[in-house]
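Chains as they are written, first to last, in the numbering used here: chain E, 110 to 429; chain W, 991 to 1342.
Okay, so here's the structure we're looking at.
This is the structure:
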């Protein structure tokens, strides 16, 4: 049976990707970030005699390992800037500010950070600034709350630093969160709309005639678009299964439970589903099952036996 | 470098780039582009010797998102396939090297990017130094604005000159049916000063594909192959404060090694999403007004992230295919403020 329906409105749903990245620090990074906690700014000196701030573990030009630390000033000069009229979430200041590259006195390279200023007319390349320290510091780049304008002389001779700190910072946690709006595409949108009507609709490949459930928009074997919609099921056959004995976090299902590949009648490959309504040790290949819909009816919650005789192995062996 | 084996771009296709493609999955976006390059050459999936793609999981918000796009390729029987988690131009480089080795005679290269599901400005902060930069969330426009201000301070450009680059690019895009922004448009207010909205690329979705072929196979598949005479890519330090933001030594070195300075080119497709970056690239490559810059409109007219670089190579090749160019330079970039740059030199058969 073939059902052709007009393209429904694209579905979309929020998708949040969030992770607390946890990173260890090299010896130079550890000293630099610990120094920030102590309101001390350290740079690293290269073999060529350049003082790099922020410091790195290896020379960007020669790849030599760097270890000679020096203390530079908390004052510096703006080398370039850009006025940010609408700060974005997570940025150093919530009010309009300038992004700046600041060459701290005693350093040869520049540090990127925010500059608090009343407006772009107050900012220029060459402006003298100083660090405004955060009230609470933990050993992170955000221990520099921002820079602020500050007239001072440029003279500063970098002083050697032995990098000895009490309680050195050895790692950072950098939380990251990205917000997306996910759209599954035409094929899966049609599939999900049909599911909400308690129908399972796959798509047939015009080349090899295989019916894909769920549809993917393309036949991965032939590399052509699948456009014919084919209603399959609702009944199907268990082609293979496993018994899950480990309870998953946030999954409110008692173990052991059965997770199976189910080839719906008319489908060219099996989909995943949980089997219930039968003791786990009685589930078998060839078992005939039907869907039990979730409370809101938008998808099958699980599959249960239909009571029919088992399917012959020959009828589903190609779908394993 | 001199190459023993001749490899050419013989086909190029791209999607109509749009602000959003909510109605399409990645495979639904990529597949028409793959079919188009197959149609141009008559090749089927089974005729392709090697397949390489470029994309980014962070754009999609899902791990291994490129495996879904493989559905559109027809990976059965099992194909020889590779993937780069960056712009498709670097996938093309990998495919080119593969063909140079003689391991294959043909290659399919494709890439795609859907920026619309997330915030491109936020997503791109995740590629930054995780210790000193990422926690501050400096977005891609802010970083480009720092570079633009450095250029203004150095006397290399000013706001009217940047506006002229934007206007020229979008005017040229009128003849590009795939462009997202074609025709004159206001420069708009400051996004991050000194960059106005007009200085910035559109945010959009898109895909592109090319087919490479070697030697006589290329001549069979394309009337006027775009021979890759040289290609190279170089990277600079990730720390912005260590670099001179008004210059691009990596572009210059890649161009030198690609043979760009041996003879003049008539066309250059530069991957400059921001107007200011065209200034840097022109300077690094020594391009004067005799060279046609971005006749396609460039990334200011359409910037499907992860595909925009591959499109530069495709657009340059297509002009050679059509006989509108004899020798072209194509450039792709990756990373903040032109951190990493790829340069290719393409030539058509001499006329006469």
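Quick reminder that beta carbons are idealized off the backbone N, C-alpha and C, glycines included.
1. Could you tell me which of 996(W), 1318(W), 1293(W) and 1322(W) sits nearest to residue 1159(W), measuring between CA atoms?
2. With 9 Å as the limit, tell me which residues of the region 1122-1137 of chain W have their beta carbon closer than that to any beta carbon of chain E; keep them in chain order.
3. Considering only residues of the region 1232-1298 of chain W, which uninterrupted alpha helix (DSSP H) runs meet the minimum length of 4 residues and lie entirely inside it, listed in chain order?
4. Report the partner residues of residue 1221(W) according to the DSSP bridge assignment.
5. Could you say if the region 1243-1251 of chain W and the region 1125-1140 of chain W meet the contact criterion of at least three C-beta pairs nearer than 8 Å?
6. Do residue 231(E) and the ligand ZN come close, with the Cβ less than 7 Å from some heavy atom?
7. Could you check which residue in 242(E), 183(E), 385(E) and 409(E) has the C-alpha nearest to that of residue 300(E)?
8. Please tell me whether residue 1019(W) and residue 1197(W) are closer than 8 Å, where the distance is taken between their beta carbons.
9. Kindly confirm or deny that the region 194-205 of chain E and the region 169-186 of chain E touch, where touching means at least three C-beta pairs closer than 8 Å.
10. Helix, strand or coil: how does DSSP classify residue 286(E) here?
11. Please return the same chain residues whose Cβ sits closer than 6 Å to the Cβ of residue 263(E), not counting the five positions on each side in sequence.
12. Quick one: what's residue 370(E) bridged to in DSSP?
13. Scan the region 1237-1264 of chain W for residues whose Cβ lies nearer than 9 Å to a Cβ of chain E and list them as they occur along the chain.
14. Name, going along the chain, the residues of the region 1053-1067 of chain W whose beta-carbon falls closer than 8 Å to a beta-carbon of chain E.
15. Taking only beta carbons into account, state which residues of the region 269-298 of chain E come closer than 8 Å to chain W, listed in chain order.
16. Does the beta carbon of residue 1029(W) come closer than 8 Å to any beta carbon on chain E?
17. Can you confirm whether residue 126(E), when its beta carbon is compared against all beta carbons of chain W, has any partner nearer than 8 Å?
18. Whole angstroms is fine: what's the gap from residue 417(E)'s alpha carbon to residue 329(E)'s?
19. Give every residue of the same chain whose Cβ lies closer than 8 Å to the Cβ of residue 1151(W), excluding the five residues on either side of it in the sequence, and list them in chain order.
20. Within 10 angstroms of its Cβ, does residue 354(E) collect 16 or more other Cβ (buried), or is it exposed?
21. Measuring straight from C-alpha to C-alpha, what distance separates residue 1323(W) and residue 1104(W)?
22. Give the residues of chain W in contact with residue 222(E), contact being defined as C-beta atoms less than 8 Å apart.
23. Can you check DSSP and say which residues form a bridge with residue 187(E)?
24. As an exercise, report each continuous beta strand (DSSP E) stretch of at least 3 residues that is fully enclosed by the region 1000-1082 of chain W, in chain order.
25. For the region 1070-1141 of chain W, list the alpha helix (DSSP H) runs that are entirely contained and at least 4 residues long, ordered along the chain.
26. What are the boundary residues of the alpha helix (DSSP H) that includes residue 1150(W)?
27. In three-state DSSP terms, what is residue 161(E)?
28. Can you check which of these residues, 1219(W), 1200(W) and 1083(W), is closest to residue 1211(W) by C-alpha distance?
29. Since residue 1017(W) meets chain E, which of its residues come closer than 8 Å, beta carbon to beta carbon?
30. For the region 1284-1298 of chain W against the region 1043-1057 of chain W, do three or more pairs of beta-carbon atoms, one drawn from each stretch, fall closer than 8 Å, so that the two count as touching?
31. Quick one, are the C-beta atoms of residue 1258(W) and residue 1331(W) less than 8 Å apart?
32. For residue 1307(W), which residues of its own chain have a beta-carbon under 6 Å away from its beta-carbon, when the five flanking residues on both sides are left out?
33. Work out the CA separation of residue 217(E) and residue 135(E) for me, nearest whole Å.
34. If we define contact as Cβ-Cβ less than 8 Å, is residue 1100(W) a contact residue for chain E?
Well, looking at it:
1. Per the Cα distances, 1293(W).
2. Only 1122, 1123, 1124, 1125, 1126, 1127, 1128, 1129, 1131, 1132, 1133, 1134, 1135, 1136 and 1137 from the region 1122-1137 of chain W bring a Cβ to less than 9 Å from some Cβ of chain E.
3. For the region 1232-1298 of chain W, whole alpha helix (DSSP H) runs of length 4 or above, ordered along the chain, are 1239-1248 and 1265-1275.
4. Residue 1221(W) pairs with 1334(W).
5. The region 1243-1251 of chain W and the region 1125-1140 of chain W do not touch, with fewer than 3 CB-CB distances between them shorter than 8 Å.
6. For the ligand ZN, the structure offers nothing, since it holds no ligand at all.
7. It is 409(E).
8. If you check the CB distance, residue 1019(W) and residue 1197(W) come in under 8 Å.
9. When Cβ pairs closer than 8 Å are counted between the two stretches, the region 194-205 of chain E is seen not to touch the region 169-186 of chain E, the count staying below three.
10. Reduced to three states, the DSSP call for residue 286(E) is strand.
11. Correct list, in chain order: 214.
12. In the DSSP output, where bridge partners are listed per residue, residue 370(E) has 349(E) and 381(E).
13. Along the region 1237-1264 of chain W, none of the residues has a CB nearer than 9 Å to a CB of chain E.
14. Hits within the stretch, in order: 1058, 1060, 1061, 1062, 1063, 1064, 1065 and 1066.
15. Of all residues in the region 269-298 of chain E, the ones placed with a Cβ closer than 8 Å to any Cβ belonging to chain W are 281, 283, 285, 287, 288, 289, 290, 291, 292, 293, 294, 295, 296, 297 and 298, in chain order.
16. By this cut-off, residue 1029(W) is not an interface position.
17. Residue 126(E) counts as touching chain W.
18. Separation of residue 417(E) and residue 329(E) (C-alpha to C-alpha, rounded to the nearest whole angstrom) is 33 Å.
19. Only 1269 meet the Cβ criterion.
20. Exposed is the call here.
21. The alpha-carbon atoms of residue 1323(W) and residue 1104(W) are separated by roughly 18 Å.
22. Correct list: 1126.
23. Under DSSP, residue 187(E) forms a beta bridge with 211(E).
24. Qualifying beta strand (DSSP E) stretches, in chain order: 1040-1044 and 1071-1074.
25. For the region 1070-1141 of chain W, whole alpha helix (DSSP H) runs of length 4 or above, ordered along the chain, are 1078-1090 and 1110-1113.
26. 1149-1162 is the span of the alpha helix (DSSP H), which, as asked, contains residue 1150(W).
27. Strand, per DSSP.
28. Minimum Cα distance to residue 1211(W) is reached at 1200(W).
29. Correct list: 294, 325, 326 and 327.
30. For the pair of segments examined, the region 1284-1298 of chain W was found to touch the region 1043-1057 of chain W: the number of CB pairs separated by less than 8 Å reaches three.
31. It is not a contact, given that the beta carbons lie outside the stated cut-off.
32. Counting only residues of its own chain and dropping the five nearest sequence neighbours on each side, residue 1307(W) has a CB closer than 6 Å to the CB of 999, 1002, 1216 and 1336.
33. Roughly 21 Å separates the two Cα atoms.
34. With respect to chain E, the C-beta atom of residue 1100(W) has no partner C-beta closer than 8 Å.
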